[in-house]
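The block underneath contains the structure these notes are about, expressed in structure tokens.
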Amino acid sequence: MKLDTDRIDQAVLALLSLGLHDGTRVWKSFDWDVMARLHEKGYISDPRGKTKSVAFTEQGLKESERLLGNLFGAGSR
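Under the numbering used here, read the sequence shown as residues -11 to 65, first letter to last.
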């Protein structure tokens, strides 16, 4: 099955905000390819390395919160 990676990226970006801590840090517990694409799009810091978290960029944090509401908010359907 062919998957829409843009939609997957949007869902992961939205879900990342659920693990928000220390201001802009989020746990990098999703697929490495998705995390690399989110970094390439400018939403998160570079996920490569030994740290267990990445930081949202300002744009990434705003977009994550917007997508969380749009995709998973109680009145989103």
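Beta carbons: idealized from backbone N, C-alpha and C, even for Gly.
For a test of the three-state rule: what should DSSP assign to residue i, helix, strand or coil?
{"i": "R13", "result": "strand"}
Leaving out five residues on either side along the sequence, give the residues of the same chain with a beta carbon under 6 Å from the beta carbon of residue i.
{"i": "V0", "result": "F18, V22"}
{"i": "R13", "result": "S41, A43"}
{"i": "F48", "result": "Sequence inspection shows Gly at residue 48; the Phe mentioned does not correspond to that position. Taken in chain order, the residues that qualify are Y31, I32."}
Near residue i, what residues of its chain come up, given a Cβ to Cβ distance below 8 Å and the 5 sequence neighbours on each side ignored?
{"i": "E51", "result": "L1, Y31"}
Tell me, which residues are paired with residue i by DSSP?
{"i": "S5", "result": "DSSP lists no partner for S5."}
{"i": "I32", "result": "F44"}
First and last residue of the beta strand (DSSP E) that includes residue i?
{"i": "S52", "result": "S52 -> not in any beta strand (DSSP E); alpha helix (DSSP H) instead, spanning 46 to 60."}
{"i": "S41", "result": "41 to 43"}
Quick one: what's got a C-beta closer than 7 Å to residue i's C-beta in the same chain, skipping five residues either side?
{"i": "L67", "result": "Not covered by the structure: residue 67. The range shown for the chain is -11 to 65."}
Exercise for the section: For the stretch 57 to 64 and the stretch 21 to 32, state whether three or more C-beta atom pairs, one from each stretch, are separated by less than 8 Å. Expected result: no
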